[in-house]
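Chemist: Supplied in C-alpha coordinates, the structure appears directly below.
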Amino acid sequence: MTSRLSAGETFLVHGGSSGIGTFAIQIAKVRGVKVFVTAGSEEKLAVCKELGADVCINYKTEDFVARVKEETGGKGVDVILDCMGAAYFQRNLDSLNFDGRLHIIGLMGGAVTEFNLGSLFAKRLTVQATGLRMRSPENKAEIVNEVEKNVWPAVVAGKVKLLVYKQFPLSEAAEAHRLMESSQHIGKILLIP
(Lines of atoms letter the chains of each structure in order from A and count residues from 1; the text may use other names and numbers.)
(Lines give C-alpha, C1' and ligand atoms only; values in the text may rest on other atoms or scores of the structure.)
Protein backbone atom coordinates (compact mmCIF):
# COMPACT_ATOMS: atom_id res chain seq x y z
CA MET A 1 0.00 0.00 0.00
CA THR A 2 2.79 2.46 0.77
CA SER A 3 3.87 2.33 -2.88
CA ARG A 4 0.63 4.18 -3.65
CA LEU A 5 1.51 7.11 -1.39
CA SER A 6 2.94 10.12 -3.17
CA ALA A 7 4.91 13.06 -1.81
CA GLY A 8 2.64 15.87 -0.71
CA GLU A 9 -0.34 13.65 0.06
CA THR A 10 -2.07 13.46 3.44
CA PHE A 11 -2.38 10.11 5.22
CA LEU A 12 -4.42 9.12 8.29
CA VAL A 13 -3.26 6.04 10.22
CA HIS A 14 -5.70 4.62 12.75
CA GLY A 15 -3.90 2.78 15.52
CA GLY A 16 -0.80 4.87 15.00
CA SER A 17 0.98 3.29 17.97
CA SER A 18 0.42 -0.29 16.78
CA GLY A 19 3.15 -2.30 15.11
CA ILE A 20 1.71 -1.59 11.67
CA GLY A 21 0.95 2.02 12.57
CA THR A 22 4.45 2.88 13.81
CA PHE A 23 5.91 1.38 10.64
CA ALA A 24 3.39 3.14 8.36
CA ILE A 25 4.15 6.54 9.93
CA GLN A 26 7.85 6.20 9.20
CA ILE A 27 7.51 4.85 5.66
CA ALA A 28 5.05 7.63 4.83
CA LYS A 29 7.45 10.29 6.14
CA VAL A 30 10.27 8.81 4.03
CA ARG A 31 7.94 9.29 1.04
CA GLY A 32 7.26 12.95 1.90
CA VAL A 33 3.69 12.49 3.11
CA LYS A 34 1.92 14.52 5.83
CA VAL A 35 0.86 11.98 8.48
CA PHE A 36 -2.18 12.11 10.76
CA VAL A 37 -2.61 9.43 13.45
CA THR A 38 -5.17 8.32 15.97
CA ALA A 39 -4.26 6.61 19.23
CA GLY A 40 -5.88 6.25 22.64
CA SER A 41 -3.42 7.93 25.03
CA GLU A 42 -1.08 10.89 25.22
CA GLU A 43 1.85 8.49 25.76
CA LYS A 44 1.03 6.66 22.51
CA LEU A 45 0.58 9.93 20.64
CA ALA A 46 3.96 11.17 21.91
CA VAL A 47 5.65 8.09 20.41
CA CYS A 48 3.81 8.69 17.12
CA LYS A 49 5.03 12.30 17.15
CA GLU A 50 8.62 11.16 17.76
CA LEU A 51 8.31 8.84 14.75
CA GLY A 52 7.27 11.74 12.55
CA ALA A 53 3.48 12.05 12.79
CA ASP A 54 2.43 15.61 11.98
CA VAL A 55 -1.07 15.59 13.49
CA CYS A 56 -1.83 13.43 16.53
CA ILE A 57 -5.46 12.80 17.55
CA ASN A 58 -6.58 11.11 20.77
CA TYR A 59 -9.68 9.26 19.57
CA LYS A 60 -10.93 8.97 23.18
CA THR A 61 -11.15 12.74 23.67
CA GLU A 62 -11.43 14.19 20.18
CA ASP A 63 -13.54 13.65 17.05
CA PHE A 64 -11.03 12.61 14.40
CA VAL A 65 -13.31 13.70 11.53
CA ALA A 66 -13.56 17.26 12.86
CA ARG A 67 -9.80 17.45 13.50
CA VAL A 68 -8.93 16.11 10.04
CA LYS A 69 -11.28 18.63 8.43
CA GLU A 70 -9.79 21.44 10.55
CA GLU A 71 -6.19 20.51 9.70
CA THR A 72 -6.90 20.14 5.96
CA GLY A 73 -8.98 23.28 5.46
CA GLY A 74 -12.15 21.21 5.15
CA LYS A 75 -10.79 18.96 2.39
CA GLY A 76 -10.01 15.73 4.24
CA VAL A 77 -7.04 13.42 3.83
CA ASP A 78 -6.01 11.60 0.65
CA VAL A 79 -5.44 8.14 2.14
CA ILE A 80 -6.60 6.31 5.28
CA LEU A 81 -5.11 3.10 6.71
CA ASP A 82 -7.86 1.61 8.88
CA CYS A 83 -7.75 -1.29 11.33
CA MET A 84 -11.20 -0.63 12.81
CA GLY A 85 -13.58 -1.59 10.01
CA ALA A 86 -17.30 -1.07 10.64
CA ALA A 87 -16.98 1.23 13.66
CA TYR A 88 -15.11 3.87 11.65
CA PHE A 89 -16.38 3.22 8.12
CA GLN A 90 -18.73 6.18 7.59
CA ARG A 91 -16.48 8.52 9.57
CA ASN A 92 -13.55 7.44 7.40
CA LEU A 93 -15.54 8.26 4.26
CA ASP A 94 -16.37 11.64 5.81
CA SER A 95 -12.64 12.22 6.49
CA LEU A 96 -11.49 11.61 2.91
CA ASN A 97 -10.73 14.22 0.28
CA PHE A 98 -12.08 13.91 -3.29
CA ASP A 99 -10.56 10.84 -4.99
CA GLY A 100 -9.50 9.60 -1.53
CA ARG A 101 -8.50 6.01 -0.82
CA LEU A 102 -9.58 3.99 2.20
CA HIS A 103 -7.51 0.87 2.88
CA ILE A 104 -9.11 -1.45 5.44
CA ILE A 105 -6.64 -3.88 7.03
CA GLY A 106 -8.57 -4.96 10.12
CA LEU A 107 -12.00 -5.36 11.64
CA MET A 108 -11.35 -4.53 15.30
CA GLY A 109 -14.53 -2.42 15.33
CA GLY A 110 -16.69 -5.03 13.61
CA ALA A 111 -17.37 -6.32 10.11
CA VAL A 112 -20.94 -5.17 9.44
CA THR A 113 -22.06 -1.59 8.92
CA GLU A 114 -24.65 0.49 7.13
CA PHE A 115 -23.39 3.50 5.22
CA ASN A 116 -24.32 6.10 2.64
CA LEU A 117 -23.23 4.92 -0.82
CA GLY A 118 -23.76 8.47 -2.05
CA SER A 119 -20.57 9.62 -0.34
CA LEU A 120 -18.56 7.18 -2.47
CA PHE A 121 -19.98 8.67 -5.65
CA ALA A 122 -19.96 12.30 -4.53
CA LYS A 123 -16.25 12.23 -3.69
CA ARG A 124 -15.14 9.49 -6.14
CA LEU A 125 -13.75 7.41 -3.27
CA THR A 126 -11.95 4.08 -3.50
CA VAL A 127 -12.31 1.47 -0.76
CA GLN A 128 -9.97 -1.51 -0.63
CA ALA A 129 -9.91 -4.25 1.99
CA THR A 130 -6.74 -6.28 2.16
CA GLY A 131 -4.94 -8.83 4.28
CA LEU A 132 -2.41 -11.61 3.91
CA ARG A 133 -4.53 -14.59 5.00
CA MET A 134 -6.54 -14.81 1.79
CA ARG A 135 -3.54 -14.49 -0.52
CA SER A 136 -1.80 -17.33 -2.32
CA PRO A 137 1.81 -18.20 -1.47
CA GLU A 138 2.81 -16.79 -4.87
CA ASN A 139 1.08 -13.48 -4.16
CA LYS A 140 2.70 -13.30 -0.72
CA ALA A 141 6.09 -13.84 -2.39
CA GLU A 142 5.36 -10.92 -4.75
CA ILE A 143 4.57 -8.73 -1.74
CA VAL A 144 7.82 -9.75 -0.03
CA ASN A 145 9.73 -8.84 -3.20
CA GLU A 146 8.03 -5.42 -3.34
CA VAL A 147 8.81 -4.80 0.34
CA GLU A 148 12.45 -5.77 -0.20
CA LYS A 149 12.67 -3.39 -3.14
CA ASN A 150 10.62 -0.41 -1.91
CA VAL A 151 10.63 -0.53 1.90
CA TRP A 152 13.61 -2.49 3.18
CA PRO A 153 16.21 0.05 1.94
CA ALA A 154 14.71 2.63 4.33
CA VAL A 155 15.05 0.16 7.21
CA VAL A 156 18.67 -0.67 6.32
CA ALA A 157 19.47 3.05 6.01
CA GLY A 158 18.12 3.63 9.53
CA LYS A 159 15.25 5.84 8.33
CA VAL A 160 12.69 3.41 9.76
CA LYS A 161 12.88 1.89 13.26
CA LEU A 162 11.16 -1.37 14.09
CA LEU A 163 9.51 -0.93 17.49
CA VAL A 164 9.25 -4.13 19.53
CA TYR A 165 7.31 -3.66 22.76
CA LYS A 166 7.86 -7.12 24.22
CA GLN A 167 9.00 -10.60 23.22
CA PHE A 168 7.38 -13.79 24.50
CA PRO A 169 8.42 -17.42 24.12
CA LEU A 170 5.91 -19.34 22.01
CA SER A 171 4.81 -21.20 25.15
CA GLU A 172 3.45 -17.86 26.47
CA ALA A 173 1.36 -17.06 23.38
CA ALA A 174 -1.79 -16.69 25.49
CA GLU A 175 -0.11 -14.02 27.62
CA ALA A 176 1.09 -12.21 24.49
CA HIS A 177 -2.46 -12.27 23.14
CA ARG A 178 -3.82 -10.85 26.40
CA LEU A 179 -1.32 -7.99 26.18
CA MET A 180 -2.35 -7.30 22.59
CA GLU A 181 -6.06 -7.29 23.54
CA SER A 182 -5.36 -4.88 26.42
CA SER A 183 -4.06 -2.30 23.92
CA GLN A 184 -1.38 -1.25 26.41
CA HIS A 185 1.52 -1.88 24.05
CA ILE A 186 3.26 0.43 21.59
CA GLY A 187 4.73 -1.28 18.53
CA LYS A 188 4.97 -5.01 17.89
CA ILE A 189 4.59 -7.95 20.24
CA LEU A 190 6.80 -10.85 19.14
CA LEU A 191 6.50 -14.58 19.72
CA ILE A 192 9.86 -16.36 19.72
CA PRO A 193 9.90 -20.10 18.85
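Read in order, the letters of the sequence shown correspond to residues 1 to 193 in the numbering used here. Don't be surprised by glycine CBs; every beta carbon is placed ideally from N, CA and C.
DSSP state of Ala86, grouped into three classes?
Modeler: Against the sequence shown, residue 86 aligns to sequence position 86. Three-state DSSP puts Ala86 in a helix.
Chemist: With DSSP collapsed to three states, give me the class of Asp63.
Modeler: Residue mapping note: residue 63 aligns to position 63 of the sequence shown, counting from 1. Asp63: coil per DSSP, three-state reduction.
Chemist: What's the call for Met134, buried or exposed, on a 16-neighbour Cβ count within 10 Å?
Modeler: Stepping through the sequence shown from its first residue, residue 134 is reached at position 134. It is exposed - the Cβ of Met134 has fewer than 16 other Cβ atoms within 10 Å.
Chemist: Where do the ends of the beta strand (DSSP E) carrying Val127 lie?
Modeler: In the sequence shown, counting from the first residue as 1, residue 127 sits at position 127. Counting along the chain, the beta strand (DSSP E) containing Val127 begins and ends at Thr126 to Ala129.
Chemist: Could you give the distance in angstroms between the alpha-carbon of Met84 and the alpha-carbon of Arg31?
Modeler: Counting from 1 along the sequence shown, the entry for residue 84 is found at position 84. Counting from 1 along the sequence shown, the entry for residue 31 is found at position 31. Approximately 25 Å, taken between the alpha carbons.
Chemist: Just verifying my parser: in three-state terms, what is the DSSP assignment at Gly19?
Modeler: Against the sequence shown, residue 19 aligns to sequence position 19. Gly19: helix per DSSP, three-state reduction.
Chemist: Which value, in whole angstroms, describes the spacing of the CA atoms of Ala7 and Pro137?
Modeler: For the purposes of this step, residue 7 is identified with residue 7 of the sequence shown, where counting begins at 1. For the purposes of this step, residue 137 is identified with residue 137 of the sequence shown, where counting begins at 1. Taking the straight line joining both Cα atoms gives about 31 Å.
Chemist: May I ask which residues mark the beginning and end of the beta strand (DSSP E) holding Arg101?
Modeler: Residue 101 sits at position 101 when you count from the first residue of the sequence shown. Note, Arg101: beta strand (DSSP E), Leu96 to Ile104.
Chemist: Determine contact between the region 139–151 and the region 109–122, defined as no fewer than three beta-carbon pairs at a distance below 8 Å.
Modeler: In short, these stretches do not touch, since the Cβ pair count stays below three.
Chemist: Comparing C-alpha positions only, which one of Val112, Leu125, Leu96 and Gly131 sits nearest to Ile104?
Modeler: As a working note, residue 104 is residue 104 in the sequence shown. Of Val112, Leu125, Leu96 and Gly131, the residue nearest in Cα terms is Gly131.
Chemist: Which partner residues of Ala39 appear in the DSSP bridge assignment?
Modeler: Here residue 39 corresponds to residue number 39 of the sequence shown, with the count starting at 1. Asn58, per the DSSP bridge assignment.
Chemist: If you reduce the DSSP assignment to three classes, tell me which class Val118 lands in.
Modeler: Residue numbering aside, residue 118 sits at position 118 when the sequence shown is read from its first letter. Looking at the sequence itself, residue 118 is Gly, so the reference to Val does not match. In this structure, Gly118 counts as helix in the three-state DSSP scheme.
Chemist: Going by Cα to Cα distance, which pick from Glu142, Val79, Leu162 and Lys75 is closest to Val37?
Modeler: Stepping through the sequence shown from its first residue, residue 37 is reached at position 37. Ranking Glu142, Val79, Leu162 and Lys75 by Cα distance to Val37 puts Val79 first.
Chemist: Less than 8 Å between the CB atoms is what I'm expecting for Thr61 and Lys34, so what's the real figure, rounded?
Modeler: Here the question's residue 61 lines up with position 61 in the sequence shown. Here the question's residue 34 lines up with position 34 in the sequence shown. Actually they do not touch by this definition, with Cβ atoms about 22 Å apart.
Chemist: Tell me whether the beta-carbon of Met163 lies closer than 8 Å to the beta-carbon of Thr22.
Modeler: Within the sequence shown, the letter at position 163 stands for residue 163. Within the sequence shown, the letter at position 22 stands for residue 22. Per the sequence shown, the amino acid found at residue 163 is Leu instead of Met. Cβ distance < 8 Å, so Leu163 and Thr22 count as in contact.
Chemist: For Lys63, count neighbouring Cβ atoms within 10 angstroms of its own Cβ and tell me buried if that reaches 16, exposed if not.
Modeler: For the purposes of this step, residue 63 is taken as the residue at position 63 of the sequence shown. A quick correction: the sequence has Asp, not Lys, at residue 63. When all chains shown are included, Asp63 counts as exposed.
Chemist: Distance, Cα to Cα, Ala24 vs Lys44?
Modeler: Within the sequence shown, the letter at position 24 stands for residue 24. Within the sequence shown, the letter at position 44 stands for residue 44. Answer to the nearest angstrom: the Cα atoms are 15 Å apart.
Chemist: Leaving out five residues on either side along the sequence, give the residues of the same chain with a beta carbon under 7 Å from the beta carbon of Ala173.
Modeler: Position 173 of the sequence shown, counted from the first residue, corresponds to residue 173. For Ala173, where only same-chain residues beyond five positions count, the Cβ hits under 7 Å are Leu191.
Chemist: According to DSSP, what are the bridge partners of Lys123?
Modeler: The residue given as residue 123 occupies position 123 in the sequence shown. For Lys123, which the question treats as bridged, DSSP gives no partner whatsoever.
Chemist: Can you check whether the CB of Ile27 is closer than 8 Å to the CB of Val160?
Modeler: Counting from 1 along the sequence shown, the entry for residue 160 is found at position 160. Counting from 1 along the sequence shown, the entry for residue 27 is found at position 27. For Val160 and Ile27, yes; Cβs fall inside 8 Å.
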